[in-house]
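Trainee: In the UniProt record's numbering, the protein residues as written are 1 to 411.
Shown below is the structure under consideration.
The following block contains the structure:
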């Protein structure tokens with residue numbers, strides 16, 4: 001049983017009205033002697049009743065919040081000390097509410113142990129507040145161990161922790177933690193085999209040794225994050241190498257994850273333009289050849305639009321056309337401005353992608369602009385589309401990469 005709804009508001013309103021009436025009587029010049037004593041006692045009782053009711057409602061709010069948290073056996077198991085503290089208060093409150101239910105008048109309910117009832121709520125409120133503070137600290141500790149938990153509200157994080165052993169029930173929260181992962185594909189033994197995007201794309205993980213639901217939830221989520229980075233890096237290498245072997249894109253673009261097709265296409269566009277700009281006296285001629293290549297690639301992509309395509313395939317085709325149109329316009333601009341070398345600002349100001357050997361001996365994708373250089377993040381983005389890229393977008397890119405180069409933020 002709990003105090004709830006309109007009945008509480010009605011009682012509070014009646015208490016305020018009664019206090020106003022009694023205060024008016026007490027202020028009257030005719031209120032004296034025995035009547036004054038009686039009125040003062042009424043006022044004291046009403047104020048005590050109102051204060052106790054306020055404490056009661058404050059306690060009840062905290063109790064209902066914590067009762068919902070500790071209703072999970074998983075939470076009780078993880079936070080045993082806090083659960084025991086709550087259970088002691090919980091038993092006392094349930095017994096009080098049972099007695100109140102049997103004695104439903106406001107005055108009668110508040111006169112139960114009237115001398116100590118307000119003090120009891122004070123003590124119990126402090127105890128519940130200490131439990132709340134402890135839970136807040138525990139949630140902060142969990143967020144520090146897996147920073148993506150900062151993207152979740154306290155209620156969402158508690159829901160995740162309550163379902164640690166049931167990973168399939170955590171899926172609704174995945175998009176809040178991973179921008180491109182809507183769900184995970186699990187084997188019969190709860191091994192994570194694929195990450196799935198909101199658009200329907202599925203990417204198979206390179207390693208399938210992560211067991212969802214085993215140990216603390218942040219443990220296997222940290223492993224998933226690392227495996228996501230590792231898998232996309234390996235797939236990026238495979239995507240680049242596959243393009244180098246095929247030499248054309250019409251079949252290649254549908255064989256790899258969308259975001260890797262896009263970044264690899266930008267990589268080969270960068271290679272083509274840099275090769276033209278490094279050709280010395282032949283730069284004008286080679287840049288015109290690059291123009292022709294860009295136009296031909298766009299025609300090839302346009303020819304694919306008439307085919308029967310899946311949602312993901314049509315999405316990658318549309319996005320690739322958007323990026324290629326931008327690349328075509330940049331090459332046209334450099335030809336018009338007679339950019340003659342790879343070190344000229346007309347080229348270095350562009351956002352460029354390069355696949356290079358890294359210090360660990362494996363390939364890595366690097367992003368360059370002006371004097372900034374970054375390793376590609378390998379955050380899985382799914383099959384998301386792109387807005388049309390404008391000159392303003394290019395200036396925004398320069399601002400962001402410049403800020404990141406100086407270890408500043410951008411949004």
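C-beta: ideal position from N, C-alpha, C; glycine also.
Once you ignore the five residues that flank residue 162 on each side, which residues in its own chain have a CB closer than 7 Å to its CB?
Mentor: Within the chain shown, the letter at position 162 stands for residue 162. Excluding residues within five positions, the ones whose Cβ falls inside 7 Å are 72, 74, 75.
Trainee: With a 10 Å radius around its C-beta and 16 neighbouring C-beta atoms as the bar for buried, classify residue 197 as buried or exposed.
Mentor: To locate residue 197, count along the chain shown from 1; it is residue 197. Looking at its Cβ environment, which holds 16 or more other Cβ atoms inside 10 Å, residue 197 is buried.
Trainee: Secondary structure at residue 194, three-state DSSP: helix, strand or coil?
Mentor: As a position in the chain shown, residue 194 is number 194, starting the count at 1. Residue 194: strand per DSSP, three-state reduction.
Trainee: Taking just the CA atoms, how far does residue 93 sit from residue 257?
Mentor: The sequence position of residue 257 within the chain shown is 257, counting from 1. The sequence position of residue 93 within the chain shown is 93, counting from 1. Spanning the two alpha carbons is a distance of roughly 56 Å.
Trainee: At 4 residues or longer, and completely inside the stretch 282-331: list those alpha helix (DSSP H) runs for me, N to C.
Mentor: As far as the stretch 282-331 is concerned, its whole alpha helix (DSSP H) runs of at least 4 residues are 283-304.
Trainee: Following the continuous alpha helix (DSSP H) through residue 263, name the residue where it begins and the one where it ends.
Mentor: Sequence index remark: in the chain shown, residue 263 carries index 263 (1-based). Where residue 263 is concerned, the enclosing alpha helix (DSSP H) stretches over 258-277.
Trainee: Going straight from the alpha carbon of residue 292 to that of residue 206, what length do you get?
Mentor: On the chain shown, position 292 is the one that residue 292 refers to. On the chain shown, position 206 is the one that residue 206 refers to. Each residue's Cα considered, the two are about 38 Å apart.
Trainee: Tell me the DSSP secondary structure of residue 210 in three-state form.
Mentor: As a working mapping, residue 210 is identified with position 210 in the chain shown. The answer is coil: DSSP assigns residue 210 none of H, G, I, E or B.
Trainee: Helix, strand or coil for residue 88 per DSSP?
Mentor: Working through the chain shown from its first residue, we reach residue 88 at position 88. Residue 88 carries a helical assignment under DSSP once its states are collapsed to helix, strand and coil.
Trainee: DSSP puts residue 375 in a beta bridge; with which residues?
Mentor: The residue you call residue 375 lines up with position 375 of the chain shown. Paired residues: 366.
Trainee: Can you tell me which residues form a DSSP beta bridge with residue 239?
Mentor: For the purposes of this step, residue 239 is taken as the residue at position 239 of the chain shown. Its beta-bridge partners do not exist; DSSP assigns none.
Trainee: Check whether the Cβ atoms of residue 253 and residue 227 lie closer than 8 Å to each other.
Mentor: Here the question's residue 253 lines up with position 253 in the chain shown. Here the question's residue 227 lines up with position 227 in the chain shown. Against a cut-off of 8 Å, the Cβ pair of residue 227 and residue 253 comes out as no contact.
Trainee: Helix, strand or coil, according to DSSP, for residue 217 in the structure here?
Mentor: Here residue 217 is taken as the residue at index 217 of the chain shown, counted from 1. In the structure shown, residue 217 sits in a helix (DSSP, three-state: H, G or I).
Trainee: Quick test of the definition: if touching needs 3 or more C-beta pairs under 8 Å, does the stretch 211-219 touch the stretch 162-181?
Mentor: yes
Trainee: Thinking just about the alpha-carbon of each residue, which of 355, 143, 268, 317 is nearest to the one in residue 246?
Mentor: As a first step, residue 246 is located in the chain shown; it is residue number 246 there, counting from the start. Just measuring C-alpha positions, the residue of 355, 143, 268, 317 sitting nearest residue 246 is 268.
Trainee: Hey, residue 354 and residue 324 are a contact pair by Cβ (cut 8 Å); roughly how many whole angstroms apart?
Mentor: One-based indexing of the chain shown puts residue 354 at position 354. One-based indexing of the chain shown puts residue 324 at position 324. Cβ atoms of residue 354 and residue 324 stay farther apart than 8 Å, at about 18 Å.
Trainee: Buried or exposed: which applies to residue 84, given that a residue is buried once 16 or more other Cβ atoms fall within 10 Å of its Cβ?
Mentor: Counted from its first residue, the chain shown places residue 84 at position 84. Classification of residue 84: exposed, given that the 10 Å Cβ count is below 16.
Trainee: Rounded to a whole number of angstroms, what is the C-alpha to C-alpha distance between residue 407 and residue 376?
Mentor: What you label residue 407 is simply residue 407 of the chain shown in a count that begins at 1. What you label residue 376 is simply residue 376 of the chain shown in a count that begins at 1. Looking at the two C-alpha atoms, the distance is approximately 16 Å.
Trainee: Looking at the structure shown, is residue 99 part of a helix, part of a strand, or coil, going by DSSP?
Mentor: Position 99 of the chain shown, counted from the start, is the residue given in the question as residue 99. DSSP places residue 99 in helix when its eight states are reduced to three.
Trainee: I need the straight-line Cα distance from residue 99 to residue 58, nearest angstrom please.
Mentor: Within the chain shown, numbered from 1, the residue matching residue 99 stands at position 99. Within the chain shown, numbered from 1, the residue matching residue 58 stands at position 58. Each residue's alpha carbon lies about 19 Å from the other.
Trainee: Taking C-beta to C-beta, are residue 151 and residue 222 nearer than 8 Å?
Mentor: Reading the chain shown from its first residue, position 151 is the one you call residue 151. Reading the chain shown from its first residue, position 222 is the one you call residue 222. No, these two residues do not count as a Cβ contact at 8 Å.
Trainee: Which residue from 341, 157, 236, 326 puts its Cα closest to that of residue 362?
Mentor: Your numbering for residue 362 matches position 362 in the chain shown. Relative to residue 362, the option among 341, 157, 236, 326 whose CA is nearest is 236.
Trainee: Determine the extent of the beta strand (DSSP E) in which residue 186 is found, giving its start and end residues.
Mentor: Here residue 186 refers to the residue found at position 186 of the chain shown. Here the beta strand (DSSP E) through residue 186 covers 183-186.
Trainee: Run the CB neighbour count on residue 383, radius 10 Å, all protein chains shown included, and call it buried at 16 or more, exposed below.
Mentor: Along the chain shown, one-based indexing puts residue 383 at 383. With 16 or more other Cβ atoms within 10 Å, it is buried.
Trainee: Please classify residue 354: does DSSP put it in a helix, a strand, or coil?
Mentor: Along the chain shown, one-based indexing puts residue 354 at 354. Secondary structure of residue 354 (DSSP, three-state): strand.
Trainee: Near residue 346, what residues of its chain come up, given a Cβ to Cβ distance below 7 Å and the 5 sequence neighbours on each side ignored?
Mentor: Working through the chain shown from its first residue, we reach residue 346 at position 346. Only 334, 337, 339 meet the Cβ criterion.
Trainee: Would you say the stretch 389-401 touches the stretch 364-374, given that touching needs at least three Cβ pairs under 8 Å?
Mentor: yes
Trainee: At the level of alpha carbons, what is the spacing between residue 122 and residue 38?
Mentor: Position 122 of the chain shown holds residue 122. Position 38 of the chain shown holds residue 38. For residue 122 and residue 38, the distance between alpha carbons rounds to 28 Å.
Trainee: Across the stretch 50-57 and the stretch 128-146, are there enough close Cβ pairs to call them in contact, namely three or more that are closer than 8 Å?
Mentor: no
Trainee: Would you grab the beta carbon distance between residue 66 and residue 86 for me? Rounded to a whole angstrom, and I think it's under 8 Å.
Mentor: In the chain shown, residue 66 corresponds to position 66, counting from 1. In the chain shown, residue 86 corresponds to position 86, counting from 1. Indeed they touch by this definition, with Cβ atoms about 5 Å apart.
Trainee: By DSSP's criteria, residue 203 is part of a beta bridge. Which residues make up the other side?
Mentor: As a first step, residue 203 must be located in the chain shown, where it is residue number 203. Partner(s): 195.
Trainee: Tell me whether residue 189 sits in a helix, a strand or coil according to DSSP, three-state version.
Mentor: To locate residue 189, count along the chain shown from 1; it is residue 189. Reduced to three states, the DSSP call for residue 189 is coil.
Trainee: Apart from the five residues just before and just after residue 164, which ones in its own chain have a Cβ nearer than 6 Å to its Cβ?
Mentor: Here residue 164 corresponds to residue number 164 of the chain shown, with the count starting at 1. Closer than 6 Å at Cβ, skipping near neighbours: 74, 217.
Trainee: Could you tell me the alpha carbon to alpha carbon distance between residue 187 and residue 265, rounded to whole angstroms?
Mentor: Position 187 of the chain shown, counted from the start, is the residue given in the question as residue 187. Position 265 of the chain shown, counted from the start, is the residue given in the question as residue 265. Each residue's alpha carbon lies about 33 Å from the other.
Trainee: Give me the Cα-Cα distance between residue 183 and residue 208, rounded to the nearest whole angstrom.
Mentor: Mapped onto the chain shown, residue 183 falls at position 183. Mapped onto the chain shown, residue 208 falls at position 208. Rounded to the nearest angstrom, the two C-alpha atoms are 15 Å apart.
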